[in-house]
Ligand code: SF4
Ligand code: SF4
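Chains as they are written, first to last, in the working numbering: chain A, 10 to 632; chain B, 5 to 237.
Next up, the structure:
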């Protein structure tokens, strides 16, 4: 039997000890002595969140198919265990072997959102790995980052030995082979880093690049310091999803996790070019898995996991060509066994209502719309091709079908936004309520309809057409939200409408970290020293730590967070080539300011640059 | 057809609570070909019940879970399939057809439990606890205020101690264990400590449930739940 890293007493005194045991169904165990590479895969948040992430399962499965590699998992210990580990100096360990992370060859950290950066430091710190890559000697694991936030890795560049820019399925094998060969040949850490950066596409080694700054604080130059290391790092893209590895033995956790179900990824990338959306740009082009393949995956997953709950995952499910067939297949095959299906990110139209009706029979849950902006003009600015008519038609049809709960998502603080646009949010919500009263005859109404308006604040992200846009101060954001509130209070059906808005200071921090450069690292380190951790959790969120950290380090948060960038400025992430060109993004930024919409990839190719990968929707368009 | 699955729970699984264990076993059963029955409700849950939840901390050599089958499957085949899907710390020990009567479910008929109890490393008391236990268990009656979900209840703890024996550094106990009346080893030790002016520290005891028992028809002898029913050919 495995020896657990924690004593009975510790495990019995923390919340949910199952977070730290491993042992889930489909967890992979290997013989330490028989593998060459030990890889610890980390999601820097609590178990329930990290375990819900598909990307880790993909890599976990893929790495463990290699006989020479044992990939294990590690998540952020929750605050109770965090304290015990620090107090008793117990090193952080991997779930499967329960061995200290420090003894691994690699520590891979997936970066899904900026507010996890202090948790990255927590992981390193608890593992006993120096926080700065420059302070790590030969004995420490290679710390490698990946995931959406690695598309601007600069604020955390100092903490990582390397980043993998792209989709994990592509060149990891090449990287591991290289590592194994160089380790066997007794090469040094630095030799490996240089070789990886120069030979493996998509690998970015921050320490091999130098940045200089202008007097006004913007970047003057960004260039490799070692011959052979590329000036631009090209994002790696899976060309054919059907032949890419997919995990069919997904982990089945003991405790309930955030996404407690088997997951089938039906497609990657999105045909729509919403201008605020980073996923929509960095995962271009849109690529679908074939219907036949998905049916096979579904069957295998049900057999291998025993889950009675399933989700079809993608950025925009309705756009999947065979969505109707797929749902029908599922409902026909597994419906009788009581297996349920989740289908997130559906657009509300007659097709999806049809699909939803099939999914939950009598149960009428929430109907979700994400118009993102209240007025048509502003929706055109962000290229959210959803018209008021479409929303109202969808709502009418849904009300007729028995739905009465509607959720509406909007962003505030978008470029060119005015108070009229904010009032338009209330107006739209009101029109939906009116539609309810018009569509549903009095005798069939079971009380009022229930409309929830949620607003978050817009954060410009790297590699989006809005990456140059300004942000606002927390108090400005709150005033935007109060305009929406006032608007809702002034409409006729205000009693059917609920309003929720997001934290404003967290938004500014997110903006700071999303568009920051290497100089932000000091702030992150200082905030961590001051106790910042789990910044995405209300329990632990404390903005004052970050303000203090900026003060202590003399870094001006507003320079990175709030400032509108000029088009000729070198952006910290410009060295990454995601396929989509900067000139396309600039064109889109200009069209945004003119409120001109751009058609989606299925309607017409806009020549974004991603066609160079020669796959997915681009190929179809050129045929 | 009702089947009683006997299994052991130990090692890392002792930190897994009852709800999580249930989730695990349900998905494990679904990974096999065992033709298990689902209820008719909206969510179609597996018909499954346990003799007595173990909770987090103790280990057990004999847990019992009742499931209903749509069609028979041999003990051998079922055990092999289930065995393949057990993680470290769960062992399938038996799979028997039992009386399917309404009042014959394991949770209804369970009457007593056998335990072995010892102090975890570093928790052995610095006073003569063995003498204390001897004297405590030899009392005529032990008035005890049991805390229940609904409030408190005055009972005689002694009447719930069916048997006991000190075996070197371990203690064997047979205690009352049923849906209505239930005495846990921790509670016995807690009261015993208190009566000597000590406090039983948290996590001090390691409890090992050896078996769950039911009373025979005369109510005189106890038989293991595992001895009921028969293996399916
Ligand atoms: S529909 Fe728009 S917001 Fe949604 S993933 Fe696609 S581009 Fe992004
Ligand atoms: S090249 Fe054209 S079709 Fe391909 S992703 Fe870009 S806009 Fe869409």
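Note that beta-carbon positions come from the ideal geometry of N, C-alpha and C, so glycine has one too.
This one's a predicted model, so the numbers in the text were calculated from it and none came from an experiment.
Counting C-beta neighbours from all protein chains within 10 Å, is the total for residue i 16 or more, i.e. buried, or is it exposed?
i              : result
residue 231(B) : exposed
residue 76(B)  : exposed
residue 109(B) : buried
residue 473(A) : buried
residue 349(A) : buried
residue 439(A) : buried
residue 625(A) : buried
residue 295(A) : buried
residue 493(A) : buried
residue 182(B) : buried
residue 167(B) : exposed
residue 103(B) : exposed
residue 174(A) : buried
residue 374(A) : exposed
residue 58(A)  : buried
residue 128(B) : exposed
residue 154(B) : exposed
residue 430(A) : buried
residue 455(A) : exposed
residue 547(A) : exposed
residue 149(B) : exposed
residue 11(B)  : buried
residue 185(A) : buried
From residue i to residue j, what does the alpha carbon distance come to, in whole angstroms?
i              : j              : result
residue 140(A) : residue 607(A) : 44 Å
residue 22(B)  : residue 206(B) : 20 Å
residue 414(A) : residue 459(A) : 5 Å
residue 20(B)  : residue 287(A) : 40 Å
residue 604(A) : residue 386(A) : 6 Å
residue 322(A) : residue 156(B) : 50 Å
residue 371(A) : residue 407(A) : With a pLDDT of 46 at residue 371(A), under the threshold of 50, the modelled position of that residue is not reliable, and the figure given next carries that caveat. The alpha-carbon atoms of residue 371(A) and residue 407(A) are separated by roughly 13 Å.
residue 478(A) : residue 284(A) : 11 Å
residue 307(A) : residue 172(A) : 32 Å
residue 233(B) : residue 184(B) : 24 Å
residue 436(A) : residue 405(A) : 16 Å
residue 196(A) : residue 189(A) : 10 Å
residue 162(A) : residue 545(A) : 19 Å
Taking residue i as the query, report the chain B residues whose CB atoms sit under 8 Å from its CB, ordered along the chain.
i              : result
residue 314(A) : 31, 35
residue 60(A)  : What residue 60(A) touches in chain B: nothing, since even the nearest Cβ is about 13 Å away.
residue 261(A) : 28, 31
Which residues of chain B have a Cβ atom closer than 7 Å to the Cβ of residue i, listed in chain order?
i              : result
residue 264(A) : 24
I'd like the span of the alpha helix (DSSP H) that includes residue i, first residue to last.
i              : result
residue 22(B)  : 22 to 35
residue 91(A)  : 88 to 97
residue 338(A) : 332 to 343
residue 314(A) : 300 to 314
residue 73(A)  : 63 to 74
Compute the beta-carbon to beta-carbon distance between residue i and residue j, rounded to the nearest angstrom, for a pair I have assumed lies under 8 Å.
i              : j              : result
residue 247(A) : residue 213(A) : Not really, about 19 Å apart at Cβ, beyond 8 Å.
residue 140(B) : residue 196(B) : 4 Å
residue 132(A) : residue 26(A)  : So it is not a contact: roughly 19 Å between Cβ atoms.
residue 420(A) : residue 467(A) : 4 Å
residue 126(A) : residue 151(A) : That pair is no contact at about 19 Å.
residue 27(B)  : residue 68(B)  : In fact, because the Cβ distance is near 18 Å, the residues do not count as touching under 8 Å.
residue 82(B)  : residue 217(B) : Between residue 217(B) and residue 82(B) the Cβ distance is about 24 Å, and since that is not below 8 Å, they are no contact.
residue 432(A) : residue 496(A) : 4 Å
What span of residues does the beta strand (DSSP E) with residue i cover, start to end?
i              : result
residue 507(A) : 506 to 510
residue 119(B) : 114 to 123
residue 239(B) : Since the displayed chain B opens at 5 and closes at 237, residue 239(B) lies outside it and no answer follows.
residue 143(B) : Segment: none, residue 143(B) is in no beta strand (DSSP E) and carries neither H nor E.
residue 155(B) : 155 to 160
residue 598(A) : Where residue 598(A) is concerned, there is no enclosing beta strand (DSSP E), although the alpha helix (DSSP H) it sits in stretches over 591 to 602.
residue 155(A) : 151 to 155
Applying a beta-carbon distance threshold of less than 8 Å, which residues of chain A neighbour residue i?
i              : result
residue 60(B)  : 21, 26
residue 91(B)  : 32, 33, 34, 36
residue 207(B) : 17, 18, 21, 22
Give me the chain B residues within the contact set of residue i, using Cβ-Cβ distance strictly less than 9 Å, ordered along the chain.
i              : result
residue 13(A)  : 15, 16, 19
residue 171(A) : The premise fails here: residue 171(A) is roughly 34 Å from chain B at the closest Cβ pair, so nothing lies under 9 Å.
Along chain D, which residues have their Cβ under 9 Å away from the Cβ of residue i?
i              : result
residue 365(A) : This model lacks chain D altogether; the protein chains it does include are A and B.
Which residues in chain A have a C-beta closer than 7 Å to the C-beta of residue i? List them in chain order.
i              : result
residue 124(B) : 17
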